[in-house]
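Just so you know, we're using the UniProt record's numbering here: the sequence shown kicks off at 1 and counts up by one.
Beta carbons: idealized from backbone N, C-alpha and C, even for Gly.
Bear in mind the structure is a predicted one, so any value in this text is a computation, not a measurement.
Following: one structure in C-alpha cells, then a few remarks.
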Amino acid sequence: IPTIKLNNGREMPVEGYGCWKINYDRVWSLGSWLFNDDNRAGQVVLQAIRAGYRYIDSAYFYNVEKGVGHALRYAFRTGIVKREDMFIATKIWNNFHRRDRVVEGIRRSLRDMGLDYVDLAIIHWPMGFEDGDDVFPMYWNLSNVPREWSRNGFVETWQGMTDALDMGLAKSIGVSNFNIKQLKVLMDSSKIKPVVNQVECNPYYNQNKMLEFCQQNNIVMTAYSPLRQGYDLLDDPNLRRIARRHNKTAAQVALRWNIQRGVAVIPKSERRRRMNENINVFDFELRDDEMKAIDLLRQMPKLLTFGTTRSHPDYPFHDSY
C-alpha cells in the first residue's frame, strides 16, 4: 500500500482498516456496555492484516482494542508482520480531555493493545465530556454533560497530546471531526500542528473546502465512511458506469477517487471478499474527466451528526466546514 507523508516527516499508509463497529454488540449504547467476546474483533483484525492492511484505525470508544491486541500479538508472534510494518492509530475519547487525563487515556489503549506506542493518537471529537469513567455522561434530556461550558476546551486537550508525543507514547498526533475554525484555533495555540484531521468524506459528502484548507496547511485529511456505510452511494449510476470501464466496483472507484485527491481512506468491512475488494485499488487510475464527474455528484447530508452533543460549546457541525 502506498504511503502519504505527514507534516512531521513520518509516513502513513494511504489506506487503512477501520475498526468502528467491527464488534457491533460492544458499541456504547446509552449508558452500558453490551457483552461480547474480544476474540471476534481480534479475528476480524487478523483477517484484515492477512489481506494486506498495515494501518489499523482503532479508538478507545470502539471497545475493540483488546481484540486488536490479540490480533497484533498473534501476527507478531507468528511472523505475519513485524511491529515496524504496522501503523496503529487510536483515539482518545471525550471523557479524557483534561490535560493529565489525555496520557491516561492513551496508556489505557496501549495496555489493551499490548503496545509500547501508537503510530498516531487522535482527539476523537473536539467536545470534552465530564471527567470520569463514564464515557457517555448524560443529562435527563439525553444530552451529554460537557467538561466545561466555555469554548475551545480542546486546546488544553492538545497540550496533553503533545505531552504524549514527548513521552514517546505516540509517534504522531492528530484530530478528528474538527471544523476549520477549530483547526485554526488549535494551530494558533501550539507550535505542533495536527498531522491529520479525520472526517466523514465520500463522493456524496466530498468535503472540498475542508480538503482545500488541510492541503494549504499540510494536514492530511483522512476519510471515514468513505463508502457512506453503503447507503445508496454504491448504487450510483455514475460510479457504476466508471467502474465498468475499469473492470472495478463502485466501491473501488469511490475509494480511488479520494486517494487520487490526496485523501487517506479507512473503509471497514468484516467480510473477507469486501476487505480484499477495498484494498485492491492501486492497479488503476481514474481519468481527469472521471474525477470531475465524481466531484459533481449530488451532495447529501452527513451521516454522523452526534446529535446528543448539539448543545456543547465545541460542537463542530453548526458550521458546514
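Chain B contact for residue i (CB, 9 Å cutoff)
i	result
residue 97	Structure shown: chain B not included; a single protein chain is present.
Pick from the options that is closest to residue i, judged by C-alpha positions
i	options	result
residue 272	143, 52 and 7	52
residue 162	146, 194 and 16	194
residue 224	144, 259 and 244	259
residue 154	184, 310 and 217	184
residue 104	303, 263 and 170	170
residue 214	274, 321, 305 and 149	321
residue 7	80, 283, 216 and 130	216
residue 233	242, 118, 218 and 251	251
residue 140	316, 308 and 319	308
residue 3	319, 257 and 14	14
residue 248	143, 54, 274 and 126	274
residue 10	196, 245 and 246	196
residue 318	257, 182, 237 and 107	182
residue 190	156, 167 and 180	156
residue 354	128, 1, 316 and 12	Summary: the structure shown does not reach residue 354, with the chain confined to residues 1 through 321, and so no result is reported for it.
residue 303	238, 230, 5 and 102	230
residue 238	129, 138 and 292	292
residue 106	84, 78 and 168	168
residue 257	235, 276 and 288	288
Residues near residue i in its chain [Cβ-Cβ closer than 7 Å; skip 5 each side]
i	result
residue 267	18, 226, 227, 255 and 278
residue 46	71, 74 and 75
residue 50	80
residue 240	250
residue 5	11
residue 85	54
Close-in-space but distant-in-sequence residues of the same chain around residue i (CB under 6 Å, 5 per side omitted)
i	result
residue 173	121, 161 and 165
residue 146	312
residue 159	99
residue 143	308 and 311
residue 101	none
residue 246	284
residue 42	67, 70 and 71
Cβ pair residue i, residue j closer than 9 Å
i	j	result
residue 94	residue 132	no
residue 199	residue 187	no
residue 87	residue 56	yes
residue 112	residue 69	yes
residue 323	residue 253	The first residue shown for the chain is 1 and the last is 321, placing residue 323 beyond what the model contains.
residue 201	residue 263	yes
residue 270	residue 22	yes
residue 242	residue 290	yes
residue 127	residue 306	yes
Close-in-space but distant-in-sequence residues of the same chain around residue i (CB under 8 Å, 5 per side omitted)
i	result
residue 58	19, 64, 65, 68, 88, 89, 90, 91, 109 and 113
residue 151	313 and 314
residue 28	The predicted position of residue 28 is uncertain, since its pLDDT is 44 and thus under 50; a value taken from the coordinates is nonetheless stated next. Within the same chain, residue 28 has close Cβ partners 61, 63, 135 and 136.
residue 1	13, 14, 15, 52, 53, 54, 55, 279 and 282
residue 30	Note that residue 30 has pLDDT 40, beneath the 50 cutoff, so the model's placement of it is unreliable and no number is given.
residue 265	14, 15, 16, 222, 223, 226, 255, 258 and 259
Notebook entry, point to check: Taking one C-beta from the region 296–315 and one from the region 193–207 each time, how about it: are there three or more such pairs within less than 8 Å?
Noted result: yes
- Query: Between the region 173–188 and the region 210–225, are three or more C-beta pairs nearer than 8 Å?
  - Reply: Result yes; three or more Cβ-Cβ pairs closer than 8 Å.
At which residue ranges does the region 198–253 contain complete alpha helix (DSSP H) runs of 4 or more residues, listed in the order of the chain?
Within the region 198–253, the complete alpha helix (DSSP H) runs of at least 4 residues fall at 208–216 and 237–246.
#### Entry: 4 or more residues per run - each alpha helix (DSSP H) lying fully within the region 133–179
154–166
Any chance you could list the alpha helix (DSSP H) runs of at least 4 consecutive residues sitting entirely within the region 90–125, in chain order? 99–113
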